[in-house]
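Peer 1: Residue numbers (the working numbering): 1 to 243.
Every residue gets a Cβ at the ideal spot worked out from N, C-alpha and C, and that includes glycine.
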Amino acid sequence: MVKNILFTIYQLLGFTAIKRKGLNFFFNIKNKKRHVKLSLNTNVRKTYFESHIAVLGDAEVISSSIGRGTYIGGGCRIINTKVGRFCSIAKDVHIVSGNHPTTDFISTHPMFYLSNNDTIINMGLNCLCKSKFNEYTYVDNQYVVNIGNDVWIGQGVMILNGVSIGDGSVIATGAVVTKDVPPFSIVGGIPAKVIKSRFSDKVIKDISDTKWWNYDIDFLIENVDSFESIEKFRSLSRHIKHD
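As structure tokens, then:
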């Protein structure tokens with residue numbers, strides 16, 4: 001009880017925010033050569049970063065893996081997610097983790113199917129010895145969402161747990177993604193549906209086969225103009241340099 005009261009006072013006085021800013025400040029100094037930059041207001045915990053990454057504004061990134069060349073906009077909530085390389089994630093993108101039963105169980109309320117849930121315990125409604133329903137859906141044994149490489153996610157997108165987003169895809173602003181997204185497709189809507197493919201099947205294969213996101217960073221910088229057309233890119237791919 002006393003510990004909880006002291007922690008509440010600690011939060012009310014703003015010490016948590018001050019501590020977070022301090023940790024982010026020293027993180028930026030330590031990772032300057034790797035070009036990983038966190039805004040001082042971000043909340044980042046238990047997350048692996050490659051290089052050349054920016055986390056902006058008041059984004060929250062927890063228990064995740066972020067690939068190089070990726071930026072994450074302010075207001076994002078990225079939880080238990082693997083994010084590939086060179087992804088462009090706009091503001092207010094949220095990973096929605098957690099499920100409720102909609103069939104079989106009479107009620108969708110977690111007191112009837114979850115045990116040892118903090119919220120239910122605090123409400124005085126914990127009455128089960130063992131959970132009867134899987135609250136989370138995972139794409140593998142660690143992450144609830146997998147975002148591929150070179151993915152552009154528009155502002156305000158919500159991605160449900162259990163979803164994998166293919167390389168090179170585009171998620172339109174405000175979409176709610178409930179199912180896997182094919183590589184190099186453009187999806188939008190609630191729920192999100194495929195609008196069209198970005199390129200022909202032949203071009204998609206040509207790009208996918210190169211896995212350009214694994215190219216050496218200096219090589220990419222030197223050849224940035226080759227990404228403005230498929231013709232130039234095909235010429236570039238004959239001289240690949242990987243990490």
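Under the three-state reduction of DSSP, which class applies to valine 61: helix, strand or coil?
Peer 2: Mapped onto the sequence shown, residue 61 falls at position 61. In the structure shown, valine 61 sits in a strand (DSSP, three-state: E or B).
Peer 1: Let me know if phenylalanine 25 comes out buried or exposed under the rule of 16 or more other beta-carbons within 10 Å of its beta-carbon.
Peer 2: Here residue 25 corresponds to residue number 25 of the sequence shown, with the count starting at 1. Phenylalanine 25 should be labelled exposed.
Peer 1: Run the CB neighbour count on cysteine 127, radius 10 Å, all protein chains shown included, and call it buried at 16 or more, exposed below.
Peer 2: One-based indexing of the sequence shown puts residue 127 at position 127. Exposed, since its Cβ has fewer than 16 Cβ neighbours within 10 Å.
Peer 1: Report the residue from Val187, Gly75, Lys30 whose alpha carbon sits nearest the alpha carbon of glutamate 60.
Peer 2: Counted from its first residue, the sequence shown places residue 60 at position 60. Checked all of Val187, Gly75, Lys30; the closest Cα to glutamate 60 is Gly75.
Peer 1: Given 8 Å as the limit, is there contact between the region 49-56 and the region 26-41, that is, 3 or more CB pairs closer than that?
Peer 2: Between the region 49-56 and the region 26-41, the count of C-beta pairs closer than 8 Å reaches three or more; the two stretches touch.
Peer 1: Determine the direct distance from the alpha carbon of aspartate 201 to that of lysine 211, and round the result to whole angstroms.
Peer 2: As a working mapping, residue 211 is identified with position 211 in the sequence shown. As a working mapping, residue 201 is identified with position 201 in the sequence shown. Distance between the alpha carbons of lysine 211 and aspartate 201: 16 Å.
Peer 1: Is it true that the region 158-166 meets the region 139-146, where meeting means three or more beta-carbon pairs spaced less than 8 Å apart?
Peer 2: yes
Peer 1: Return the bridge partner residues of methionine 158 from the DSSP annotation.
Peer 2: The residue labelled residue 158 in the question sits at position 158 within the sequence shown. According to DSSP, which records beta bridges pairwise, methionine 158 is partnered with His94, Val176.
Peer 1: Which same chain residues end up closer than 7 Å to isoleucine 195 when comparing Cβ atoms and leaving out the 5 residues on each side of it in sequence?
Peer 2: Translated into positions along the sequence shown, residue 195 becomes position 195. Taking isoleucine 195 as the centre and dropping the five residues before and after it, the same chain places the C-beta of Ile186, Val187, Gly188 closer than 7 Å to its C-beta, in chain order.
Peer 1: Counting Cβ pairs closer than 8 Å, one from the region 117-126 and one from the region 83-103, do we hit at least three?
Peer 2: no
Peer 1: Rounded to whole angstroms, how far is the Cβ of threonine 173 from the Cβ of glycine 156, which I believe are closer than 8 Å?
Peer 2: One-based indexing of the sequence shown puts residue 173 at position 173. One-based indexing of the sequence shown puts residue 156 at position 156. Yes, they are in contact, since the Cβ atoms of threonine 173 and glycine 156 sit about 6 Å apart, within 8 Å.
Peer 1: So valine 44 is in the beta strand (DSSP E); what residue range does that whole segment cover?
Peer 2: On the sequence shown, residue 44 is found 44 positions in, with the first residue counted as 1. Its beta strand (DSSP E) spans residues 43-45.
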